[in-house]
Amino acid sequence: MPSLPPIRPEDEAVAEKLRPAGAFDAPSDAHDPVRAGYLLRLGDDALILGQRLSEWCGHAPSVEVDLSLANLSLDLIGQATLFLAEAGDADRLAFKRDVLDFRNCWLVEQPNGDFARTMVRQLLFSTWQHMLYQRLTASSDAAVAGIAAKGVKEVAYHRELAAEWVVRLGDGTDESRARTVDGLDWCWRFVPELFEVDEELAAAVQAGIAADPRSFEEEYRAAVGAVLADATLPLPKDQRAIVGGRRGHHSEHLGHLLAIMQYLPRTYPDAKW
Amino acid sequence: MYTTELSKPGATVQPIAPQEDPELLAAFEARVAADEFIEPKDWMPEAYRKTLTRQISQHAHSEIVGMLPEGNWITRAPSLRRKAILLAKVQDEAGHGLYLYCAAETLGTSREEMIEALHSGKAKYSTIFNYPTLTWADIAAIGWLVDGAAIMNQVPLQRTSYGPYARAMVRVCKEESFHQRQGYEAMTELANGTPEQKRMAQDAFNRWWWPSLMMFGPPDENSPNTAQSLRWRIKRETNDELRQKFVDITVPQAEFLGLTVPDPELKWNEAKGGYDFGEIDWEEFYAVVRSEGPVARERITARREAWTQNAWVREAAAAHEAKRRSRAAA
C-alpha cells in the first residue's frame with residue numbers, strides 16, 4: 014500500500030512525541046464519570062463493530078477472508094473487554110445496558126451490507142481508531158494508555174487490510190467499483206460524528222485522558238483520500254452529518270443488534286456461563 | 142472437527158486397478174508397510190490417490206461446513222469471554238479447512254474443483270453438521286462430544302501414510318484438544334448451573350450423543366473401504382474400535398457432570414473392559430449421509446450463497462491483480 018504511511022514506526026514516533034513525562038503515573042479513579050464515560054465510548058465502539066464483523070463468520074467470500082474478518086472481530090472484542098472492565102463489570106455493561114446507555118458511534122452499528130460496504134466501514138473506522146489509539150498511548154490514564162498501546166498494533170493491521178480491499182474493489186471490476194461507491198455513499202454521513210467534541214469529551218480531553226479527534230481530522234482526510242485515490246475513487250461529497258451515538262441516540266439497527274447479542278443473559282438473569 | 146470417510150451406501154470394495162505396474166505397486170506397499178510417509182511426488186496407486194483425495198477433501202469440507210452450526214451462536218454467546226473463545230475456535234476450523242484443502246491439492250485436485258463438488262452435492266461432509274444447534278448448550282456439547290470424537294479419529298491420522306495429511310493432522314490435533322476442553326468446561330458450567338441450564342445441558346447431550354457415535358462411520362462389517370484403507374495405512378484403526386474407545390472415555394465424563402447417557406442399554410462389561418451400548422440407528426445415519434439431515438439444506442444453501450453471492454469479490458480481486466501486473470510490466 015504505497016499510499017499509506019509506514020504504520021508501526023509512526024505509532025512509536027507519535028507516541029514518543031505526545032507522551033508527557035510521568036504520563037503513566039497518573040492515578041486512575043474508576044468512579045470518575047468523565048473517565049467512565051470515555052471508557053464506554055472506546056469500549057462500545059470496539060464491541061459493536063466486533064459484534065457486526067462476527068456476523069460474517071462462515072459466510073465470507075473465501076476461507077481466507079473469513080479468517081481475517083474473524084481476526085478483526087476477535088481483536089475488537091478483546092479491546093472492548095479491556096475498556097469495559099476499566100469502566101465496571103464488562104459483561105454487565107455489554108449485556109445488560111439498553112440502547113440509550115450505549116455510547117458507540119453510528120458508523121460501527123451500521124449493518125454489514127455487502128462485502129464492499131463492510132470494508133469501506135472498516136477503512137473509515139480503523140483509520141480513525143488507529144490515529145486515536147496512537148494518541149491515546151500518551152493518555153494521562155495508565156489503563157487507557159496501556160490498552161491503546163496493545164490495540165494500536167492490532168488496529169494498524171485492520172486499517173491496512175481494509176485499505177487493501179477498498180483498493181482492490183474500487184479498482185477491480187465495474188460491479189465491485191459500483192458497490193464500493195455505494196458503500197462509501199452509505200457510510201460517509203457518519204464520519205463527522207467521529208470528530209465531534211461534545212462537553213463530555215471536552216472534559217475528558219481537558220483531564221488528559223482522551224485525545225481531541227480534531228487534532229487529526231486533516232491527517233485522517235488525507236489518509237482516507239490517499240486510499241481512495243489508489244482505488245481510483247473520488248472523495249465523496251460531504252453529506253449532512255448524522256450524530257447522536259455518543260449521547261445514546263442511535264440508529265434503529267442497534268436495538269436489533271443488542272436483542273441478539275444480549276438474549277441469553279437477559280433471558281436467564283441468574284445464570285453464569 | 143472431522144468426518145470419517147463416507148461413501149455412498151452400497152459401494153463395493155474397489156479392486157486395485159489391474160493396470161498398475163506390479164513392481165511399483167509392490168515397492169509402494171513395502172514402503173507403506175515399513176511406516177514410511179508417501180509424499181506428493183512419489184508414485185502411488187490411483188486408488189490410493191482417489192481415496193485420499195476423497196477423505197481429505199471431505200475432512201476439509203467438514204471443517205468449513207462445521208463453522209456454520211457454531212457460527213450460529215457467536216453473535217449470541219452469553220459473555221465476552223465465551224464470545225472470544227467461540228470466535229477463536231471457529232477461526233481455527235477455517236484454518237484447518239485451509240490446510241486440508243492444501244494437503245488435498247498436493248494430490249492433483251484444485252480447491253475450486255473440491256468446492257464445486259461440495260456445492261453440487263457430489264462431495265460429502267460429516268453428517269454431524271446436519272443437526273441444528275438449538276441452544277447454547279449445543280455449543281458446549283459440540284466442543285465436548287464432537288471435537289472429542291474428532292480427536293479420537295484424528296490422533297491415529299497423525300501417523301497416516303500420506304505425509305501432507307499426517308503433518309496437517311499434527312497441527313489440527315493440538316487445536317482440537319483445546320476445543321474439546323473448552324466444550325467440557327462450558328458444559329460443566331451449565332451442568333452445575335440453574336435448573337434451566339441443567340435442562341439445556343441434558344437436552345443437548347440427549348440430542349448429540351447418538352450423532353456423535355455415528356461420526357465414526359458405519360460398522361466395520363459394513364464399511365466397504367476400511368480393509369483397503371487399513372492396508373495402505375490411510376486408516377490405522379477401524380470405525381468400531383474408535384467408537385468403543387470414545388464411549389469408554391466419554392461415559393465417565395458424563396457421570397462426573399451428573400448427566401444421564403441417553404441409552405438404556407449402556408452397561409459396563411467387565412469381561413471386555415469396556416461399555417456395551419445400544420444399537421445405533423443406521424437408517425438415520427444413512428439418511429443423513431444422503432443429505433436428508435434436519436438442516437442439511439440450510440447448511441449447503443449457506444455455503445452456496447456465501448460462494449455465489451460473493452463471486453464478484455473474488456472476480457474483483459483477480460481483475461485488480463491483473464491490472465496491477467500489467468501496470469508493473471508497462
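In the order they appear, the protein sequences are chains A and B. My numbering puts the first residue of the first sequence at 14, with every later residue one more than the last. My numbering puts the first residue of the second sequence at 142, with every later residue one more than the last. Even for Gly, the Cβ is constructed at its ideal location relative to N, Cα and C.
CB-CB under 7 Å to residue i, same chain, minus the five flanking residues each way: which ones, in chain order?
i: A/S189; result: A129 and L182
i: B/P297; result: R377 and E378
i: A/Y233; result: T140, W141 and M144
i: A/G238; result: L248
Please go through the same chain and pick out, in chain order, the residues whose beta-carbon is closer than 8 Å to the beta-carbon of residue i, but skip the five residues on each side of it.
i: A/G71; result: D79
i: A/H266; result: E122, Q123 and P124
i: A/A39; result: With a pLDDT of 43 at A/A39, under the threshold of 50, the modelled position of this residue cannot be trusted, and the question is left open.
i: B/K224; result: I215 and A218
i: B/H260; result: I441, R444, R445 and W448
i: A/M14; result: Confidence at A/M14 is low in this model, with a pLDDT of 38, below 50, so the placement of that residue is unreliable and no value is reported for it.
i: A/I61; result: F115, N117, V121, E122, L267 and L270
i: B/T250; result: T194 and S198
Go ahead and pull the three-state DSSP assignment for residue i.
i: B/I256; result: helix
i: B/Y95; result: Since the first residue of chain B shown is 142 and the last is 471, residue 95 of chain B is not available in this structure.
i: B/N213; result: helix
i: B/Y319; result: Per the sequence presented here, residue 319 of chain B reads as Phe, with Tyr not at that position. Helix at B/F319.
i: B/M475; result: Missing from the structure shown is residue 475 of chain B; chain B here goes from 142 to 471 and no further.
i: B/H461; result: helix
i: A/E177; result: helix
i: B/D162; result: coil
i: A/W119; result: helix
i: A/T186; result: coil
i: B/Q439; result: As written in the sequence, residue 439 of chain B is Glu, which differs from the Gln given in the question. Helix at B/E439.
i: A/D102; result: coil
i: A/L66; result: helix
i: A/H72; result: coil
i: B/D422; result: coil
i: A/H44; result: coil
i: B/M185; result: coil
i: B/G284; result: helix
i: A/N84; result: helix
i: A/D38; result: With a pLDDT of only 43 at A/D38, under the threshold of 50, the placement of this residue in the model should not be trusted; the figure read from the coordinates follows. It is helical.
i: B/S467; result: helix
i: B/L239; result: helix
i: A/S139; result: helix
i: B/R455; result: helix
i: A/S152; result: coil
i: B/A264; result: coil
i: B/G334; result: coil
i: A/D111; result: coil
i: B/S220; result: coil
i: B/L227; result: helix
When DSSP builds the beta bridges, which residues end up paired with residue i?
i: A/D283; result: A/D283 pairs with nothing; no bridge assigned.
i: B/I179; result: B/Y303
i: B/G434; result: Per DSSP, none; premise fails for B/G434.
i: B/D417; result: B/K408
Enumerate in chain order the residues of its own chain whose CB-to-CB distance from residue i is below 6 Å, with the five nearest sequence positions on each side excluded.
i: B/F387; result: A290 and M293
i: A/R116; result: L53, R54, D57 and R259
i: B/V173; result: S302, W373 and R374
i: A/D88; result: E167
i: A/L246; result: G183
i: A/W201; result: P249 and Q252
i: B/P403; result: N347 and W350
i: A/T193; result: A129, L182 and G183
i: B/L286; result: W349 and S353
i: A/G196; result: A129, R130 and V133
Is residue i near the ligand NAP - that is, is its Cβ less than 7 Å away from at least one heavy atom of it?
i: A/E68; result: As far as ligands go, the structure on display features none, and thus does not contain the ligand NAP.
Enumerate, from N- to C-terminal direction, the unbroken beta strand (DSSP E) stretches of 3 or more residues contained entirely within the region 340 to 411 of chain B. 408 to 410
So, do the region 62 to 81 of chain A and the region 146 to 162 of chain A have three or more beta carbon pairs nearer to each other than 8 Å? no
Segment contact flag, the region 270 to 283 of chain B with the region 349 to 359 of chain B, C-beta cutoff 8 Å, min 3 pairs: yes
Given 8 Å, three or more beta-carbon pairs between the region 308 to 325 of chain B and the region 412 to 422 of chain B: no
Runs of alpha helix (DSSP H) lying entirely within the region 193 to 276 of chain A, each at least 4 residues, in chain order: 204 to 207, 212 to 219, 230 to 243 and 266 to 274
Should the region 211 to 221 of chain A be regarded as contacting the region 166 to 173 of chain A, the criterion being three or more beta carbon pairs within less than 8 Å? no
Three or more C-beta pairs closer than 8 Å, one from the region 425 to 434 of chain B and one from the region 363 to 370 of chain B: is that the case here? no
For the structure I just gave you, are there three or more beta carbon pairs, one from the region 61 to 75 of chain A and one from the region 205 to 212 of chain B, closer than 8 Å? yes
Would the region 326 to 341 of chain B count as touching the region 269 to 285 of chain A if we require 3 or more Cβ pairs under 8 Å? yes
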